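What follows is a set of notes on a single structure, which appears directly below.
Numbering (our numbering), first residue to last: 59 to 315.
Shown next as structure tokens:
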């Protein structure tokens with residue numbers, strides 16, 4: 059029994075923190091199901107507050123891979139494989155270049171970066187790409203995967219480019235899921251090659267993916283009934299509070315502070 063519990067509850071985390079992350083995966087997946095975005099950013103912000111910095115981005119990547127894989131499979135017939143191919147080309151270079159840098163970042167810098175990135179996603183304006191063609195997805199693949207090596211949740215970058223391609227609703231959802239899946243696959247491969255040990259976190263990852271799936275089902279039924287404007291306003295301020303907490307932790311632990 060103790061061996062089973064040790065698999066589900068990593069040594070680096072207490073029981074309370076582990077349960078908290080599993081519940082967070084449920085609610086952030088429900089968030090994405092309800093409003094179509096935000097779950098990955100919310101999850102990385104919460105994880106950064108309780109997890110060791112060195113494990114944060116790799117573990118988040120595997121959890122998000124499971125989440126995006128489910129959506130991609132469901133919407134597979136709507137995927138434009140040319141978009142996926144161009145994105146994958148850029149993602150391969152982004153992961154290779156970003157991985158070696160990200161693995162060396164001190165905890166304080168990583169938390170500050172995630173905090174600022176969350177604020178940009180929540181309050182900033184999406185970049186404009188004009189009449190971007192599908193080849194622009196290579197640039198999106200590079201930029202989002204490169205930044206994802208540092209900050210975990212860079213999906214809004216790929217989504218901003220996809221939004222310029224005039225895709226129908228199902229096509230947008232399907233291609234966003236597939237491109238995010240590609241991004242996380244490359245990221246996980248690179249972190250594995252760089253020596254990150256995923257095994258101690260395997261139990262937590264499985265439980266977070268499972269709770270995330272349940273959150274997707276619940277969010278589709280319940281949270282979708284809330285007025286979108288009200289939900290987005292609440293989400294924005296909750297995310298701002300999480301980002302402020304990360305920045306405060308970064309200041310307190312900054313080298314030489």
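Every residue, glycine too, gets a C-beta built ideally from N, C-alpha and C. None of these values were measured; they are calculated from a predicted model.
task: Compute the beta-carbon to beta-carbon distance between residue 157 and residue 207, rounded to the nearest angstrom, for a pair I have assumed lies under 8 Å.
output: By 1-based counting over the chain shown, the position of residue 157 is 99. By 1-based counting over the chain shown, the position of residue 207 is 149. Contact holds; Cβ gap of about 5 Å.
query: Closest to residue 114 by CA distance: which of 210, 235, 145 is it?
result: As a first step, residue 114 must be located in the chain shown, where it is residue number 56. With respect to the C-alpha of residue 114, the residue from 210, 235, 145 having the closest C-alpha is 210.
query: Would you say residue 199 and residue 238 are within 7 Å of each other, going by their C-beta atoms?
result: As a first step, residue 199 must be located in the chain shown, where it is residue number 141. As a first step, residue 238 must be located in the chain shown, where it is residue number 180. For residue 199 and residue 238, no; Cβs fall outside 7 Å.
query: Using a Cβ-Cβ cut-off of 7 Å (strictly less than) and excluding sequence neighbours within five positions of residue 204, which residues of its own chain qualify?
result: Counting from one through the chain shown, the residue named residue 204 turns up at place 146. Closer than 7 Å at Cβ, skipping near neighbours: 152, 155, 156.
message: What would DSSP say about residue 225, mapped onto helix, strand or coil?
response: Numbered from 1 along the chain shown, position 167 holds the residue referred to as residue 225. In this structure, residue 225 counts as coil in the three-state DSSP scheme.
- prompt: Three-state secondary structure (DSSP) at residue 67?
  reply: Taking the first residue of the chain shown as 1, we reach residue 67 at position 9. Here residue 67 sits in coil by DSSP.
- prompt: In chain order, what residues of the same chain lie with their CB nearer than 7 Å to the CB of residue 245, ignoring the 5 residues before and after it?
  reply: Here residue 245 refers to the residue found at position 187 of the chain shown. Once the five neighbours on either side are set aside, the close Cβ partners of residue 245 are 119, 153, 203, 206, 207.
- prompt: In three-state terms, what does DSSP make of residue 252?
  reply: Here residue 252 refers to the residue found at position 194 when the chain shown is read from its first residue. Judged by DSSP in its simplified three-state form, residue 252 adopts coil rather than helix or strand.
Start and end residues, alpha helix (DSSP H) containing residue 177: Looking up residue 177 in the chain shown gives position 119. Counting along the chain, the alpha helix (DSSP H) containing residue 177 begins and ends at 165-181.
field: Best match in 103, 73, 87, 85 for proximity to residue 169 [C-alpha to C-alpha]
entry: Position 111 of the chain shown, counting from 1, holds the residue named residue 169. Just measuring C-alpha positions, the residue of 103, 73, 87, 85 sitting nearest residue 169 is 103.
- prompt: To the nearest angstrom, how far is it from the Cα of residue 101 to the Cα of residue 135?
  reply: In the chain shown, counting from the first residue as 1, residue 101 sits at position 43. In the chain shown, counting from the first residue as 1, residue 135 sits at position 77. It is roughly 28 Å from the alpha-carbon of residue 101 to the alpha-carbon of residue 135.
query: Does the Cβ-Cβ distance between residue 127 and residue 236 come in under 7 Å?
result: Along the chain shown, one-based indexing puts residue 127 at 69. Along the chain shown, one-based indexing puts residue 236 at 178. With contacts defined as CB atoms closer than 7 Å, residue 127 and residue 236 fail to qualify as a contacting pair.
field: Buried or exposed (CB count within 10 angstroms, at least 16 for buried), residue 110
entry: As a working mapping, residue 110 is identified with position 52 in the chain shown. Using a 10 angstroms sphere on the CB of residue 110, the tally of other CB atoms stays under 16, which defines it as exposed.
Whole-angstrom distance between residue 69 and residue 80, CA atom to CA atom: Here residue 80 corresponds to residue number 22 of the chain shown, with the count starting at 1. Here residue 69 corresponds to residue number 11 of the chain shown, with the count starting at 1. In this structure, the alpha-carbon of residue 80 lies about 16 Å from that of residue 69.
message: Using only CA atoms, which one of 125, 232, 96 lies nearest to residue 133?
response: As a working mapping, residue 133 is identified with position 75 in the chain shown. Checked all of 125, 232, 96; the closest Cα to residue 133 is 232.
task: Look at the alpha carbon of residue 166 and the alpha carbon of residue 276, and state the distance between them as a whole number of angstroms.
output: Numbered from its first residue, the chain shown carries residue 166 at position 108. Numbered from its first residue, the chain shown carries residue 276 at position 218. Approximately 35 Å between the Cα atoms of the pair.
Same chain, Cβ closer than 7 Å to residue 75, five either side skipped, listed in chain order: Residue numbering aside, residue 75 sits at position 17 when the chain shown is read from its first letter. Within the same chain, residue 75 has close Cβ partners 108.
field: Proximity of residue 267 and residue 121 at Cβ, strictly below 7 Å
entry: For the purposes of this step, residue 267 is identified with residue 209 of the chain shown, where counting begins at 1. For the purposes of this step, residue 121 is identified with residue 63 of the chain shown, where counting begins at 1. One thing to note: residue 267 has its Cβ within 7 Å of the Cβ of residue 121.
message: Just to confirm the assignment, what range does the alpha helix (DSSP H) spanning residue 317 have?
response: This structure cannot settle anything about residue 317, because the visible part of the chain is limited to 59 through 315.
- prompt: residue 274 and residue 87: beta carbons closer than 7 Å?
  reply: Looking up residue 274 in the chain shown gives position 216. Looking up residue 87 in the chain shown gives position 29. Going by beta carbons, residue 274 and residue 87 fall inside the 7 Å limit.
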